Structure formats: C-alpha cells, structure tokens
Amino acid sequence: KNEVEQSPQNLTAQEGEFITINCSYSVGISALHWLQQHPGGGIVSLFMLSSGKKKHGRLIATINIPEKHSSLHITASHPRDSAVYICAVPIHYGGSQGNLIFGKGTKLSVKP
Amino acid sequence: GAGVSQSPSNKVTEKGKDVELRCDPISGHTALYWYRQSLGQGLEFLIYFQGNSAPDKSGLPSDRFSAERTGGSVSTLTIQRTQQEDSAVYLCASSWRGDTQYFGPGTRLTVL
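Residue numbers (the numbering used here), protein chains in the order written: chain A, 378 to 489; chain B, 3 to 114.
Pasting the structure below:
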C-alpha cells in the first residue's frame, strides 16, 4: 500500500516569493495528482503527471519517478494562491487512478 | 458547460437514520469517484466507477455504505444507520476515463 508524505505542512510566504511544496511516495505509480483546496473547501485538480514537468501559468509540477518524488512550484506567489495543496497517488502499484491515497496537504498562506 | 453538482449541499440527520447523497457528473465523463473529508482530516477514497466495469468499493468503511451509478451517469451514495463518525464532507468527482478529475462542491453531512 502506498504512503504519501508532504512537506512542509504549513508555509507562510510573502507576495512575490518562489514557493516549493514537496511530495514523496513509497510505491511505484503511473501518475501523480496535485490538487488545490480553497479556503471555502472547493477542490480543483491542478496537474496529473506521469513524467517530467508540466506548467500552467505560474504553477509548475515536476516528478522524479525513480526517486518517488514530486514538487509543486509557484512562481511570483500572490495572496490568491493561499490554499491547501494536496498530492495524491494510486493506493497500489499499478492501481487505477480512481483509488487514490492523499497526502495530508500543505497549507500555504501568502501575505501581501 | 456545467460542472459536477452534488445535492444536498448540507444534510443534518439524527443518528440511526439513513441518508442519500447525490452526484451529477459532467456529461460524457465515464469515471465517477466518491471521497470524504472528515473535519481536520485528509481526503479519503470511498468508491470508484469506471464505465460498465465493476466498481472499486475497497474504500467503503463499512457495509452501511453503498453506492450505485445509474445509466452511467448520476450516482447515489447511501449511508444506512448513520453514526456520528460519519459526519464529514462527501465529495464527488468525475473524469473522462482516468484523466483529470473534476470535483463537485461536496455535501456536508452532520450526524447528531
């Protein structure tokens, strides 16, 4: 069974700073998800990636399959980026993308 | 187009009663997922439907929980004989096959 660790648990940054959130997992996977949970509770899927790097606006996600590690970067952070960022992977090696296990999340607060 | 919708948005019930939670996925999405998030806890997988395949029910916490998906579209999550520990936000998501998941706003269930 896969296990997911995220770090840091909490992160406070000043507007404009470059932010990195890390995720490591224990069992080989086919793809990894990054999610964003807004203060109001709504969840948005940011990335689903299986190799290399993906970029969307100021967000960049990278994954290192052999090292079982992924990072989420936010460039030029803004107060509206304040949210909980969650990493998720299939619970079993070779498992479906439906049965996911989630990290505990990183709570990001960006101060103006 | 319309996103994933869930109803009701809030449900308060008494211990021992049965509840039904509804999810309307995005039209055309073949996969549907149910998760829950207890207060202060991370996301937890419950059940996953993919097309006409048998659902992955491995996340259901007890036999009081069941779910069905009719006509490959709408899904209902039923909790029988509710207990206080069932109080949580129940989230539904849908996707095209195993691709990016789109989350609904959730149903907040409170069991008194």
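Yeah, the Cβ is synthetic: ideal placement off N, Cα and C, and Gly gets one too.
None of these values were measured; they are calculated from a predicted model.
(request) With DSSP as the reference, label B:Gln-87 as helix, strand or coil. (result) Before going further, note that residue 87 of chain B is Glu rather than Gln in the sequence given. Looking at B:Glu-87 - three-state DSSP - the assignment turns out to be helix.
(request) Under 8 Å Cβ to Cβ from B:Arg-38, same chain only, skipping five residues before and after it: list those, please. (result) Leu-45, Glu-46, Leu-48, Ala-90, Val-91, Tyr-92 and Leu-93
(message) For a cutoff of 8 Å on Cβ pairs, would you count B:Gly-1 as touching chain A?
(response) Given that chain B is displayed from residue 3 to residue 114, the structure contains no residue 1 of chain B and the question cannot be resolved.
(request) Pull out every residue of the region 417–431 of chain A whose Cβ sits closer than 8 Å to any Cβ of chain B, in chain order. (result) Result list: Gly-418, Gly-419, Ile-420, Val-421, Ser-422 and Met-425.
(message) Tell me whether the region 391–405 of chain A and the region 10–30 of chain B touch, counting them as touching only if at least three CB pairs, one residue from each stretch, are closer than 8 Å.
(response) no
(message) Looking only at its chain, what residues have a beta carbon closer than 8 Å to the beta carbon of B:Thr-112, apart from the 5 residues adjacent to it on each side?
(response) Asn-12, Lys-13, Val-14, Thr-15 and Ser-89
(request) Name, please, each residue of chain B whose Cβ falls closer than 8 Å to the Cβ of A:Gly-480. (result) Gly-44
(message) Please report the straight-line C-alpha distance between A:Ser-486 and A:Lys-430, rounded to a whole angstrom.
(response) 24 Å
(message) Can you pull the chain B neighbours of A:Leu-409, defined as C-beta to C-beta under 9 Å?
(response) Near A:Leu-409 there are no residues of chain B at all, since even the closest Cβ is about 12 Å away, more than 9 Å.
(request) Output the distance between the C-alpha atoms of B:Thr-72 and B:Trp-36, rounded to the nearest integer angstrom. (result) 15 Å
(message) Considering Cα atoms alone, identify which of B:Cys-25, B:Lys-19 and B:Pro-63 is closest to B:Gly-108.
(response) B:Cys-25
(request) Anything in chain B within Cβ reach of A:Asn-476, meaning under 7 Å, just list it in chain order. (result) Chain B residues near A:Asn-476: Phe-47, Tyr-50, Asp-58, Ser-60 and Gly-61.
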